[in-house]
Every structure is written in C-alpha cells, then in structure tokens.
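Comments concern the structure below.
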Amino acid sequence: MATVSLPTSPSNSHPLWSGTVRLSRGGVHDAATNMALDEAMLLTAADTGDTLVRLYQWERPSVSFGRNQRCEGVYSLERCEALDVPAVRRLTGGRALVHAREVTYAVAA
Numbered sequence: 003m004a005t006v007s008l009p010t011s012p013s014n015s016h017p018l019w020s021g022t023v024r025l026s027r028g029g030v031h032d033a034a035t036n037m038a039l040d041e042a043m044l045l046t047a048a049d050t051g052d053t054l055v056r057l058y059q060w061e062r063p064s065v066s067f068g069r070n071q072r073c074e075g076v077y078s079l080e081r082c083e084a085l086d087v088p089a090v091r092r093l094t095g096g097r098a099l100v101h102a103r104e105v106t107y108a109v110a111a
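If you read the sequence shown in the working numbering, its first letter stands for residue 3, the second for the next number, and so on.
Right, here's the structure in full:
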C-alpha cells in the first residue's frame, strides 16, 4: 500500500484530508472478496484515523446492490445465479451496479 501524507493549511484543512492518505492497488478479486476488503478497509480507517483509498477490479461480471436497496420482487437473484453472475450487497447506499471490465474505487475516512 502506498502512503501519501497531504499537507494541511487553512485553505485545504478539510477533516477528510487531514493526516495520512493510503492508496492501495487492490488487484482483481471475486465479488464477495471485494466487499469483504471494503469492509476491512472501513474498519481500519476507523481504527487508525487514516484516509484509505483502494483501486480494484472484478474477477468476472458481478452485480452489487446498495446497502438498503430492496431486491426481492425487483431483481431476479435466481437469474443472476443461472447466468453465473455473482450478486453481493455493498456497505454503501445507492442502486444496483453491474461491474465488468472497470476499475472501481473505494474511499474510507
């Protein structure tokens, strides 16, 4: 994990960017592992007070659902399973996202 310390001054003293920012090139993982790594990153940021940024990719096309998104009766998880498309729930809000051939980022502060 690369570490970058950002200087603070009156013009850039936003609390999100005070202290250390750690950048991780997170590699390519399956959907469940990516979500577990996001959760671990959030817990680490809470413990250390650092801002953590992770760039990563998905091993194969996957769907992630927002934290509070209703899926039952709206999306067919059975269809995802039949198509061998993993479906996971994110820690963050929002709506369903299809992940394929992309770079995803996560930030925890």
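All residues carry an ideal CB built from backbone N, CA and C; glycine is no exception.
| query | result |
| --- | --- |
| 8 Å Cβ cutoff met for A34 and P88 | yes |
| Pair within 8 Å by beta-carbon distance, E104 and Q71 | no |
| Proximity below 8 Å, CB of H31 to CB of P63 | no |
| Inter-residue Cα distance where the pair is R81 and R24 | 38 Å |
| Range of the contiguous alpha helix (DSSP H) that encloses L93 | Careful: L93 lies outside any alpha helix (DSSP H) and carries neither H nor E. |
| Nearest-angstrom Cα separation, counted from E74 out to V55 | 32 Å |
| Supposed close pair R69, G95 - CB separation, criterion 8 Å | 5 Å |
| From L39, N36, L44, G28, residue whose alpha carbon lies closest to that of A111 | L44 |
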